[in-house]
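Chains as they are written, first to last, in full-length UniProt numbering: chain E, 1 to 227; chain Y, 1 to 437.
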Amino acid sequence: MLLETHREAIETIVGRYASPRSAVLPLLYLAQDVYGHLSNAAIREVADILALPETAVFEVVGFYTLFYSRPVGTWMLQVCDDVPCCYLGAEELITALKDSLQIKEEETSADGMFTLQRVKCLAACDRAPVLQANLDYVYDVTPDKVEALLKDLQSRAADARRRGVSGRFAEDFAVTEQGAVELVARDAPYQSRQFEVQGPPPPPEPLPPPEVESGQDRAETRRGSPL
Amino acid sequence: MGLSDYIIMRELNFPDINRFERYCQVGGWEAYRTAVKEQTPATIVQMVKEAGLRGRGGAGFPTGIKWSFLPKDVFPRYLLCNCDESEPGTFNNHQIIDRNPHQLIEGVALSAYAIECHTAYIYMRGEFAAAALTLEQAIDEAYRAGLLGKNILGTGYDLDIYVHRGAGAYICGEETALMESLEGKIGQPRLKPPFPAVAGLYGKPTIINNVETLANVPRIVEKGVAWYRSHGTEKSPGTKCFSLSGHVNRPGNYELPFGVPLRELIESPEYGGGMKGSRPIKIIIPGGASAPWLTAKHLDVPLDYEGVAAAGSMLGSGAVIVLNDTVKAPHVAYKMDEFFKHESCGKCTPCREGTHWLVKVLHRLAEEGHAEPDDIPTLHGIYRQMAGNCFCLLGESAVMPIKSALELFPEEFEAIIKASNERHQRNGAHAIPLRVS
Ligand SMILES: Cc1cc2nc3c(=O)[nH]c(=O)nc-3n(C[C@H](O)[C@H](O)[C@H](O)COP(=O)(O)O)c2cc1C
Ligand code: SF4
Ligand code: FES
């Protein structure tokens, strides 16, 4: 039961709001990560914790697209098919994923590893085609990178199961110099967490010397640099 | 016309600017320290008002004026920072947070101080899971430095900032739907009035502002009104972080003063770098999916609220989507209305039903090439029943793509209808049912 295993986290969350009901979304994320998806029992449990009518919580689960009321794969792949991505290779990416996984949208692969979904704009249109894997961004996923991506994700399946599908620990991943995706401690210096699937990593860009006068700013976020 | 001094994308070249100490080394958090210790909240509100800062969330409403709508002496008050950023084509809030979270947090803290509130929430779309953690880490650093929490810098001022993640619903960017969502309900908009400044979150006076809007505040307070107003135009002062995407060579976020012509953003080698493969421009959508379309004729339109409005569109979120001649206008309208259909909250009939019917007809026509002779009047009929009848602006926005497509490219609809008619000679053999979804 969540109250036994996560009491402290739940109390912290509820303490942020003037009304406990505000904690519904964060608690549903927690339940979804612990149980894999939001079963009826899990939804009732959240309702009980917050002393809400069950219908109030079922309604929320039905309304928001990031809550899954049926089992999903270890990795939830959510590909943006919106304008402009759909004109920049997103459809080809979706086709490549469907071919490779032998599934259609909203289905889960036979081994339970991947669920495929089309989603709307992910606010990364400059890096199209783009997808999220359990809410980790993956940029510039041209169809030729699909095999490498799926292999990489497969090799991290155990991690994915531990982290859950809701992205509550999305920050814990970083790319090493060798291009591997690794867990980083919560207090480690900031690192880029979103990773790219590609061959050898590009040579690091030379950084300007640290002693910069105020005013040495930049007009753009460069393509190709990790955010 | 490059900028020598950026406001929103400041110091992005400074290594590790996302760390607290590094941000402080370039003057970060100074504006807030000074304000809390030496300036009254009213001074800050006055500065923001005089600077002419306008809301970057879409409407361009003057921020200082919005702040002064708060009823006097009613407490508690809340500040909400809107980071729902889900409008197709818009991606600057995302990058502002990923690269320089402290600037936003300082902006939120300063604004909270200005409106005399002690609790602020940053509402992020659920997909920004990593960005939410970036912000939480940065907020922790600010707490540790004594800039947030109780009795800040010994002044007796208290402030808590929390990050709250939504769960995948564009409509939660609408300010009253955001409040519903933050209260743990489904994200359906509320009737206005009462406006949020009078009765917002938990029925208390609430100010809601976009990420980019609040990220401007530290620089205004630090460098003053005259400096701020030296950027941009008289009516749209300051700079705007334009999200440029589509068939351009260099998509990305570019910070430019208001008033720069569209052509410069798209064609300048510093920014968009022109069209991929030098193909001609067909459609320019200057303010996210909700904005009426422009075309290559409009390249000289100045990018400020007034200029884009005069050209018949709106600056909206500053997301500029540029599409070339390989796209078909009916298909673009289909994809965009599919977005609105997907995101309609279902509260009111014109939007819930209207977006569904638009998508059904457009899918048959644009995706499958099966058109009925009267499809054009049908489409006009559907959007006319929506326009002016929807409960909130999402439904009204859904009218724009189809209306623009029919106005600007009627011949493309006619061609599909003609081809479809000839192919089937109207013998009924082509009668396929509307897609049931
Ligand atoms: C359907 C809809 C979606 C919206 N989405 C956003 C959004 O994602 N981010 C945002 O800042 N404003 C969004 N807005 C505008 C907000 O309602 C509100 O006007 C804005 O956050 C106010 O901030 P500002 O004054 O700083 O612009 C949206 C409005 C509508 C009608
Ligand atoms: S216009 Fe659409 S999104 Fe807005 S209230 Fe009506 S159904 Fe909901
Ligand atoms: S359209 Fe795909 S990320 Fe914006």
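Just so you know, even glycine gets a beta-carbon here, dropped at the ideal spot from N, CA and C.
Just mark residue i as buried or exposed, buried being the case when its beta carbon has 16 or more other beta carbons within 10 Å.
i	result
E/Asp111	exposed
E/Met76	buried
E/Cys132	Residue identity check: residue 132 of chain E is Gln in the sequence provided, not Cys. E/Gln132 should be labelled buried.
Y/Arg125	buried
Y/Met314	buried
E/Val119	buried
E/Arg70	exposed
Y/Val74	exposed
Y/Gly277	exposed
E/Ser19	exposed
Could you check how far apart the C-beta atoms of residue i and residue j are, in whole angstroms? I think they sit under 8 Å.
i	j	result
Y/Gly89	Y/Ser236	Y/Gly89 to Y/Ser236, Cβ: 20 Å. No contact.
Y/Leu262	Y/Leu256	The pair is not a contact, with the Cβ atoms about 11 Å apart (cut-off 8 Å).
E/Val24	E/Val46	7 Å
Y/Gly259	Y/Thr239	At roughly 10 Å, the Cβ-Cβ gap does not stay under 8 Å, so Y/Gly259 and Y/Thr239 are not in contact.
E/Cys86	E/Val130	The pair is not a contact, with the Cβ atoms about 12 Å apart (cut-off 8 Å).
Y/Gly60	Y/Tyr305	4 Å
E/Leu27	E/Leu3	Contact doesn't hold; Cβ gap of about 10 Å is too wide.
Y/Asn324	Y/Pro350	With 8 Å as the limit, Y/Asn324 and Y/Pro350 do not qualify as a contact, their Cβ atoms being about 33 Å apart.
Y/Pro76	Y/Thr119	7 Å
Y/Ser268	Y/Phe91	Contact flag wrong, Cβ pair sits at about 20 Å.
Y/Val359	Y/Glu343	Contact flag wrong, Cβ pair sits at about 12 Å.
E/Gly164	E/Asp33	3 Å
Y/Pro280	Y/Ala296	7 Å
Y/Val221	Y/Met47	6 Å
Could you compute how far the alpha carbon of residue i sits from the alpha carbon of residue j?
i	j	result
Y/Lys49	Y/Ala35	16 Å
Y/Lys418	Y/Val322	28 Å
Y/Gly288	Y/Gly318	7 Å
Y/Tyr78	Y/Leu362	43 Å
Y/Glu175	Y/Gly166	13 Å
Y/Phe413	Y/Tyr170	29 Å
Y/Cys24	Y/Phe14	12 Å
Y/His94	Y/Ile8	13 Å
Y/Gly28	Y/Leu299	37 Å
Y/Val217	E/Thr5	42 Å
Y/Leu53	Y/Gly316	15 Å
Y/Leu182	E/Thr12	16 Å
Y/Val108	Y/Asp16	21 Å
Y/Phe391	Y/Arg190	9 Å
Y/Ile122	Y/Tyr202	16 Å
Y/Leu133	Y/Pro101	10 Å
E/Val197	Y/Ala131	Here the model assigns E/Val197 a pLDDT of 42, short of 50, so the residue's position is not dependable and the matter cannot be decided.
Y/Lys335	E/Val83	7 Å
Y/Val248	Y/Val301	18 Å
For a cutoff of 8 Å on Cβ pairs, would you count residue i as touching chain Y?
i	result
E/Asp82	yes
E/Ala9	no
E/Lys120	yes
E/Phe58	no
E/Leu30	no
E/Ala23	yes
E/Thr65	yes
E/Arg161	no
E/Leu3	no
E/Leu116	no
E/Arg168	yes
E/Ala133	no
Is the shortest distance between the beta-carbon of residue i and the beta-carbons of chain E less than 8 Å?
i	result
Y/Lys297	no
Y/Ile220	no
Y/Leu182	yes
Y/Phe91	yes
Y/Lys341	no
Y/Leu394	no
Y/Arg165	yes
Y/Ile161	no
Y/His94	yes
Y/Pro251	yes
Y/Gly80	Correcting the residue identity first, residue 80 of chain Y is Leu in this sequence and not Gly. No, Y/Leu80 does not count as interfacial toward chain E.
By the criterion of Cβ-Cβ separation under 7 Å, what are the contact partners of residue i in chain A?
i	result
E/Gln102	Here the protein chains are E and Y, and chain A is not one of them.
Hey, is residue i close to ligand 4, as in C-beta under 7 Å from one of its heavy atoms?
i	result
Y/Asp325	Among the ligands modelled here, namely ligand 1, ligand 2 and ligand 3, ligand 4 does not occur.
message: Restricting to runs no shorter than 3 residues, where is the beta strand (DSSP E) found entirely within the region 16 to 77 of chain E?
response: Correct list: empty.
- request: Return the chain-ordered ranges of every alpha helix (DSSP H) run that is complete within the region 318 to 387 of chain Y and spans a minimum of 4 residues.
  value: Fully enclosed alpha helix (DSSP H) runs of no fewer than 4 residues occupy 329 to 343, 349 to 362, 375 to 386 of the region 318 to 387 of chain Y, in order along the chain.
message: Ignoring anything shorter than 3 residues, give me the beta strand (DSSP E) runs that lie fully in the region 100 to 169 of chain E, in order along the chain.
response: As far as the region 100 to 169 of chain E is concerned, its whole beta strand (DSSP E) runs of at least 3 residues are 114 to 119, 131 to 133, 136 to 139.
- request: Could I get the ranges of all uninterrupted beta strand (DSSP E) runs contained in the region 138 to 192 of chain Y, with 3 residues as the minimum, in chain order?
  value: If only uninterrupted beta strand (DSSP E) runs of at least 3 residues are considered, those enclosed by the region 138 to 192 of chain Y are 149 to 152, 157 to 165.
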